[in-house]
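>
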Amino acid sequence: MTQSDGFARIGIAARRRPSGLLAPMVWLAGLIASAAALVVGAVLAIFTAAAVAIFALCAGVVVFFAGLAMRARRNGRSNRRADDPEVIEAHKVGGTWVAYGWDRSAR
4 MTQSDGFARI GIAARRRPSG LLAPMVWLAG LIASAAALVV GAVLAIFTAA AVAIFALCAG
64 VVVFFAGLAM RARRNGRSNR RADDPEVIEA HKVGGTWVAY GWDRSAR
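Right under this line is the structure:
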């Protein structure tokens, strides 16, 4: 392996630090790149939080409408039974059941 080989200088000890007038420019470029990465990360975090909030809002609306549908289904079923001529109304009085409406069609 010779010194002219490009892969021979891989490693921590082989790193070269710029010196002279180039050193502050490299440091400043690294600082600007770090700040840009920080800003991009913050913007992406805000977009992610907004997306999660929108998903939660949509899920809440779906659950709300599902609750309304279940309530309407439950109320519709009880109204259907009251209109059915085969269903009679009964109440427990004391120890016996008293039925009303079983002979309505005979009246």
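Residue numbers (this note's numbering): 4 to 110.
Every residue, glycine too, gets a C-beta built ideally from N, C-alpha and C.
Predicted, not measured: the structure shown is a model, and the values here were computed from it.
1) Tell me residue 102's beta-bridge partners as DSSP assigns them.
2) Measure the C-alpha to C-alpha separation of residue 2 and residue 65 and round it to an integer number of angstroms.
3) Report whether the distance from the Cβ of residue 77 to the nearest heavy atom of the ligand SAM is below 7 angstroms.
4) Give the DSSP-derived three-state secondary structure of residue 24 in the structure shown.
5) By Cβ distance below 8 angstroms, which residues in the same chain neighbour residue 22 in space, the five residues on each side in sequence not counted?
6) Distance, Cα to Cα, residue 76 vs residue 91?
From the atom records:
1) By 1-based counting over the sequence shown, the position of residue 102 is 99. Bridge partners of residue 102: 93.
2) Any answer about residue 2 is impossible in this case: the structure gives the chain only from 4 up to 110.
3) With respect to the ligand SAM, the structure offers nothing, as it holds no ligand at all.
4) The residue you call residue 24 lines up with position 21 of the sequence shown. Note: residue 24 maps to coil in three-state DSSP.
5) As a first step, residue 22 is located in the sequence shown; it is residue number 19 there, counting from the start. Hits under 8 angstroms: none found.
6) Within the sequence shown, residue 76 is the residue found at index 73, counting from 1. Within the sequence shown, residue 91 is the residue found at index 88, counting from 1. Their Cα atoms are separated by approximately 21 angstroms.
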